[in-house]
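Only one structure is covered here, and it is reproduced in the block below.
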Amino acid sequence: MLSHYSPLKVAENFQVLQALHPNRIDMGLGRAPGSDARTAHALQSFGNASGSDRYLESVLEIRTLLRREIIETGPLAGVQALPLTETMPELWLLASSEGSASVAAHCGLPLSWAHLSTVMVLRLATFIESIFVLHLSTAIQLFQSV
């Protein structure tokens, strides 16, 4: 549901949690809107641009803010996520599609995969093997509704 929030708001909210509970916070970022299309559009925080279109950019901005690195261009130029903490929350991406999994691989971030259909099992095994060979943090959730 990252599309509903600015990267700065997300980074600052998790920095507050990290300040209150050091080294106990995992931060999972997901692309899915978590609602129907009409509600998702009403919640959009990025004007005309779809939040899911900005997913990779938002993930990179959040990671940069949490690392206390400086963003040099755009609306977040020179901005810091407060409060400053000794450590940063562990950042994971949540995925139920190959697109989101590709973003995790591109960013070198751990992935938590939600398995939603039986057909995806074989594709998932091949896909994860191909893109996550160098990254060891992958969690796969399996559930089936009847």
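Just so it is clear: in the sequence shown, position 22 is 68 by our numbering, and no numbers are missing. Positions of the beta carbon are idealized from the N, C-alpha and C atoms, including for glycine.
Using the rule of at least 16 other Cβ atoms within 10 Å of the residue's Cβ for burial, across every protein chain shown, is residue i buried or exposed?
i	result
P79	buried
P135	buried
P129	exposed
S81	exposed
E193	Residue numbering for the chain in the displayed model covers 47 to 192; residue 193 lies beyond these limits and cannot be assessed.
R114	exposed
A141	buried
R77	buried
R70	exposed
R109	buried
A83	exposed
T131	buried
L66	exposed
P53	buried
A88	exposed
A123	exposed
Just reading off the alpha helix (DSSP H) that residue i is part of, what are its end residues?
i	result
L112	Y101 to L112
Q64	P53 to L66
T85	A83 to L89
Tell me the DSSP secondary structure of residue i in three-state form.
i	result
E118	coil
S143	coil
L157	strand
V125	coil
N94	In this predicted model, N94 has a pLDDT of only 47, less than 50, meaning its place in the structure is not dependable; the value taken from the coordinates is given anyway. Here N94 sits in coil by DSSP.
A78	coil
L48	helix
So is residue i in contact with chain D if we call contact Cβ pairs under 8 Å?
i	result
I108	Any reference to chain D falls outside this structure, which holds one protein chain only.
Just grab the DSSP bridge partners of residue i for me.
i	result
S136	Sequence check: residue 136 is Glu here, not Ser. In DSSP, E136 forms a bridge with D72.
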